[in-house]
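Undergrad: So the mapping is simple: the numbering used here equals the position in the sequence shown, first residue as 1, plus 828. Below are the structure tokens for one structure; questions will follow.
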Amino acid sequence: MSGLNGKKIIIGITGSIAAYKGVILARELVRRGSVIRVAMTDAASHFITPLTFASISKHPVALNMYPPAGAEPANGSWHIEWALWADAMVIAPATASTIAKLAVGLSDNALTVIATAMRGKVFVAPAMDSDMHNYPAFDRNIATLRSFGMEVIPSERGELASGLVGVGRMAEPDAIVNTLNAHFVRSASLADRTVLITAGPTYEPIDPVRFIGNHSSGKMGYALAEEARDRGARVILVSGPTSLPDPSGITTIRVSTAAEMGTAVDLCSDDADIVIAAAAVADFTPVDVSRDKLKRRELAGDELRVTLQPTRDILRSLGERKRAGQILVGFALETSALIESAREKMVEKNCDMIVANPANEPGAGFSADTNRVTLVTASGERELPSMTKRACAFEIFERIEELASGERRTAAVEHGWYG
Ligand code: CTP
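Structure follows, in structure tokens:
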């Protein structure tokens, strides 16, 4: 399936020897039906000439922020016109310098003024020598770009321009084209759908300063929300207390207790086509909440006894009121009998899928950036290898879309898209 046909794509070329691969990338995108424009940094023009790209794109290349006197464009905001025109931008190769500029929002050349004004997705394919790749700021800058919603196409291991062997080679143009294609195919797959997701922990107050909570970071639920947004869905994220920022393009409702989360979900669930309960909701809440801070010295017999009562099981309520065509997904975090418990929960709570994850394994569970899950549905189990939570979110939505359409889709694991 070609998602590239008719898509408007800006290719950003920065000063790396891999700039020559930018020509192959440009050529291939044109061959696949995309309309391209090219922006280059001054450094890039030392490796390859703007004329090459102007010839392939059949459009003037953006090289200077300020064209020479007498050659000013009619539109002084040409960079905004470019950014609004494009469906996506791909910076390939992206040097350490350009990556650092984007991470801090520095827009001091033709390429970065466009990139910082982009509304469409920005893809970044780093290229540099392995020692530069290992520089501590690099990982931090890449994480920042990801948090801005940019997609990083990881560099590969191999022989580098310096003659050294290591990580840092730009991904091959084919891999970049495939990533762009997959983006456009999936960005429409949930268009006109509404997805409701719960995420994070809940805090059940004991007194004005103390609460009963859990270690959930919210990362899995937020990754699911971002994946749904990137597939074109309207997304409502009902989040318990987390340290994560509100993801862009997603309606985020902040709640604190299980009761508040239940109320927010009740208000939104009827309109949702897909509901995913990824929150680690407290199963019990204190019966009485002290109005004043409990004083240690005033405790009878030096003991604090807190009586707890069960909270409403939000997922169970969702299962009871599930409407025809709605897909309901729950999570099961278990320390033993993972699949059996997941299967029981799926039936009991009327879910279409349970994402089962082990609580006691390294690289899985609450605060890790990776997860190792098994997708349990009525037709069987699909055990996935350890992968980033974002990749996990991708797989969960692939399975959800399969359930919705009954069709088998290609697993991302087969594409090697994890990084
Ligand atoms: N859940 C919920 N409301 C609750 C408790 C849990 O919506 N009050 C949802 C969670 O978001 C998750 C699923 O139920 O999707 C499973 O939660 P989990 O705590 O693993 O299971 P429980 O059903 O609470 O069962 P148990 O604690 O006995 O394993």
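Just so it is clear, CB atoms sit at the ideal spot from N, CA and C, and this is done for glycine as well.
1) Three or more beta-carbon pairs under 8 angstroms between the region 1082-1099 and the region 1002-1015, yes or no?
2) Between Asp967, Gly1041, Arg1057, Ser830, which lies nearest to Asn1006 when the distance is taken from Cα to Cα?
3) Could you check whether the Cβ of Ile1004 sits closer than 7 angstroms to any heavy atom belonging to the ligand GDP?
4) Determine the contact status of His907 and Ala945, defining contact as a CB-CB distance below 8 angstroms.
5) Taking 8 angstroms as the cut-off, does the region 1064-1079 touch the region 1112-1120 (at least 3 CB pairs, one atom from each stretch)?
6) Tell me, please, whether the region 968-986 touches the region 1016-1029 by the rule of three or more beta-carbon pairs shorter than 8 angstroms.
7) Which of the three DSSP states is assigned to Thr1079 in this structure?
8) Using the Cα positions of Val1117 and Gly1041, report the straight-line distance between them to the nearest angstrom.
9) Out of Asp1180, Lys835, Asp959, Arg1200, state which residue places its alpha-carbon closest to the alpha-carbon of Glu1189.
10) Provide the residue(s) that pair with Arg865 in DSSP beta bridges, ordered along the chain.
11) Enumerate, from N- to C-terminal direction, the unbroken beta strand (DSSP E) stretches of 3 or more residues contained entirely within the region 956-1010.
12) For Ile927, which of helix, strand or coil comes out of DSSP?
13) Among Asn962, Phe976, Ser958, whose alpha-carbon lies nearest the alpha-carbon of Gly994?
14) For the alpha helix (DSSP H) containing Thr1202, name the first residue and the last one.
15) Could you tell me the distance, in whole angstroms, from the CA atom of Asn1009 to the CA atom of Lys835?
16) Within a Cβ cutoff of 8 angstroms, which residues of the same chain sit near Phe881, ignoring the five residues on either side of it in sequence?
17) Can you tell me whether DSSP reads Glu1189 as helix, strand or coil?
18) Helix, strand or coil for Ile876 per DSSP?
19) My output table needs one value for Ser1233: the three-state DSSP class, helix, strand or coil.
20) So, helix, strand or coil for Met1089, using DSSP?
21) Identify the continuous beta strand (DSSP E) that holds Ile852 and give its terminal residues.
22) Return the CA-CA distance between Arg1171 and Val941, expressed in angstroms with no decimal places.
23) Shortest alpha-carbon distance to Glu1250 belongs to which of Thr1216, Met1215, Arg1227?
24) Thinking C-alpha only, which one of Phe1225, Ala938, Ala897 is nearest Ala911?
25) Consult DSSP for Ser1107 and reduce its assignment to one of helix, strand or coil.
26) Between which residues of its own chain and Leu988 is the CB-CB distance below 7 angstroms, once the five residues before and five after are set aside?
27) Quick one: give me the first and last residue of the alpha helix (DSSP H) that Val889 is part of.
28) Do you know offhand how far Phe832's Cα is from Val918's?
29) Check whether the Cβ atoms of Glu1055 and Arg859 lie closer than 8 angstroms to each other.
30) Any idea what DSSP makes of Arg1171, helix, strand or coil?
31) Output the distance between the C-alpha atoms of Glu1230 and Ile1081, rounded to the nearest integer angstrom.
32) Just to check my reading of the structure: Thr1022 and Ala1100 have Cβ atoms closer than 8 angstroms, yes? What is that Cβ distance to the nearest angstrom?
33) Taking the alpha helix (DSSP H) that Val941 falls in, what are its first and last residues?
34) Going by beta-carbon coordinates alone, are Val952 and Val932 separated by less than 8 angstroms?
35) Kindly indicate the opening and closing residues of the beta strand (DSSP E) around Met917.
36) Whole beta strand (DSSP E) runs in the region 1007-1071 with 3 or more residues, listed along the chain?
TA: Judging by the given coordinates:
1) No, because fewer than three Cβ pairs between the region 1082-1099 and the region 1002-1015 fall closer than 8 angstroms, the two stretches do not touch.
2) Numbered from its first residue, the sequence shown carries residue 1006 at position 178. From the listed residues Asp967, Gly1041, Arg1057, Ser830, the smallest Cα separation to Asn1006 is found for Ser830.
3) Ligands in the displayed structure: the ligand CTP; the ligand GDP is not one of them.
4) Residue numbering aside, residue 907 sits at position 79 when the sequence shown is read from its first letter. Residue numbering aside, residue 945 sits at position 117 when the sequence shown is read from its first letter. Yes, these two residues count as a Cβ contact at 8 angstroms.
5) At 8 angstroms Cβ cutoff, the stretches do not touch.
6) Flag = no, the region 968-986 and the region 1016-1029 do not touch.
7) Locating residue 1079 in the sequence shown gives position 251, counting from the first residue. Looking at Thr1079 - three-state DSSP - the assignment turns out to be strand.
8) As a first step, residue 1117 is located in the sequence shown; it is residue number 289 there, counting from the start. As a first step, residue 1041 is located in the sequence shown; it is residue number 213 there, counting from the start. Approximately 15 angstroms between the Cα atoms of the pair.
9) Position 361 of the sequence shown, counted from the first residue, corresponds to residue 1189. With respect to the C-alpha of Glu1189, the residue from Asp1180, Lys835, Asp959, Arg1200 having the closest C-alpha is Arg1200.
10) For the purposes of this step, residue 865 is taken as the residue at position 37 of the sequence shown. In the DSSP output, where bridge partners are listed per residue, Arg865 has Ile838.
11) You should have 984-987, 993-997.
12) Counting from one through the sequence shown, the residue named residue 927 turns up at place 99. It is helical.
13) Along the sequence shown, read from residue 1 onward, the residue named residue 994 stands at position 166. The option with the nearest alpha carbon to Gly994 is Ser958.
14) Here residue 1202 corresponds to residue number 374 of the sequence shown, with the count starting at 1. No alpha helix (DSSP H) contains Thr1202, which is instead part of the beta strand (DSSP E) from 1202-1205.
15) Counting from 1 along the sequence shown, the entry for residue 1009 is found at position 181. Counting from 1 along the sequence shown, the entry for residue 835 is found at position 7. Each residue's alpha carbon lies about 10 angstroms from the other.
16) Translated into positions along the sequence shown, residue 881 becomes position 53. Closer than 8 angstroms at Cβ, skipping near neighbours: Ile839, Ile841, Gly850, Val851, Ala854, Val866, Met868, Val889.
17) Indexing the sequence shown from 1 puts residue 1189 at position 361. In the structure shown, Glu1189 sits in coil (DSSP, three-state: anything other than H, G, I, E or B).
18) As a working mapping, residue 876 is identified with position 48 in the sequence shown. It is coil, neither helix nor strand.
19) Taking the sequence shown and counting its residues from 1, the one referred to as residue 1233 is at position 405. Helix.
20) Working through the sequence shown from its first residue, we reach residue 1089 at position 261. Three-state DSSP puts Met1089 in a helix.
21) As a working note, residue 852 is residue 24 in the sequence shown. Annotation: Ile852 is outside any beta strand (DSSP E); the continuous alpha helix (DSSP H) that includes it extends over 847-859.
22) As a working mapping, residue 1171 is identified with position 343 in the sequence shown. As a working mapping, residue 941 is identified with position 113 in the sequence shown. Their backbone Cα atoms lie some 51 angstroms apart in a straight line.
23) There is simply no residue 1250 to check, as the chain begins at 829 and stops at 1247 in what is shown.
24) Working through the sequence shown from its first residue, we reach residue 911 at position 83. Residue Ala938 is the option with its Cα nearest to Ala911.
25) As a position in the sequence shown, residue 1107 is number 279, starting the count at 1. The question names Ser, yet the displayed sequence has Ala at residue 1107. Here Ala1107 sits in coil by DSSP.
26) Indexing the sequence shown from 1 puts residue 988 at position 160. Contacts found: Asp957, Ser958, Gly994, Gly996, Arg997.
27) In the sequence shown, the residue the question calls residue 889 occupies position 61. Secondary structure note for Val889: it is in no alpha helix (DSSP H), with a DSSP letter that is neither H nor E.
28) In the sequence shown, counting from the first residue as 1, residue 832 sits at position 4. In the sequence shown, counting from the first residue as 1, residue 918 sits at position 90. It is worth fixing the name first, because residue 832 is Leu in this sequence and not Phe. In this structure, the alpha-carbon of Leu832 lies about 13 angstroms from that of Val918.
29) Within the sequence shown, the letter at position 227 stands for residue 1055. Within the sequence shown, the letter at position 31 stands for residue 859. At least 8 angstroms separates the beta-carbon of Glu1055 from that of Arg859.
30) Counting from 1 along the sequence shown, the entry for residue 1171 is found at position 343. Of the three classes helix, strand and coil, the one that applies to Arg1171 here is helix, per DSSP.
31) Numbered from its first residue, the sequence shown carries residue 1230 at position 402. Numbered from its first residue, the sequence shown carries residue 1081 at position 253. Here the alpha carbon of Glu1230 sits roughly 28 angstroms from the alpha carbon of Ile1081.
32) For the purposes of this step, residue 1022 is taken as residue 194 along the sequence shown, with counting starting at 1. For the purposes of this step, residue 1100 is taken as residue 272 along the sequence shown, with counting starting at 1. Between Ala1100 and Thr1022 the Cβ distance is about 5 angstroms, and since that is below 8 angstroms, they are a contact.
33) Numbered from 1 along the sequence shown, position 113 holds the residue referred to as residue 941. Where Val941 is concerned, the enclosing alpha helix (DSSP H) starts and stops at 938-943.
34) Locating residue 952 in the sequence shown gives position 124, where the first residue counts as 1. Locating residue 932 in the sequence shown gives position 104, where the first residue counts as 1. Cβ distance not < 8 angstroms, so Val952 and Val932 don't count as in contact.
35) In the sequence shown, the residue the question calls residue 917 occupies position 89. Boundaries of the beta strand (DSSP E) around Met917: 916-922.
36) As summarised for the region 1007-1071, the continuous beta strand (DSSP E) elements at least 3 residues long and confined to that stretch are 1022-1027, 1062-1067, given in chain order.
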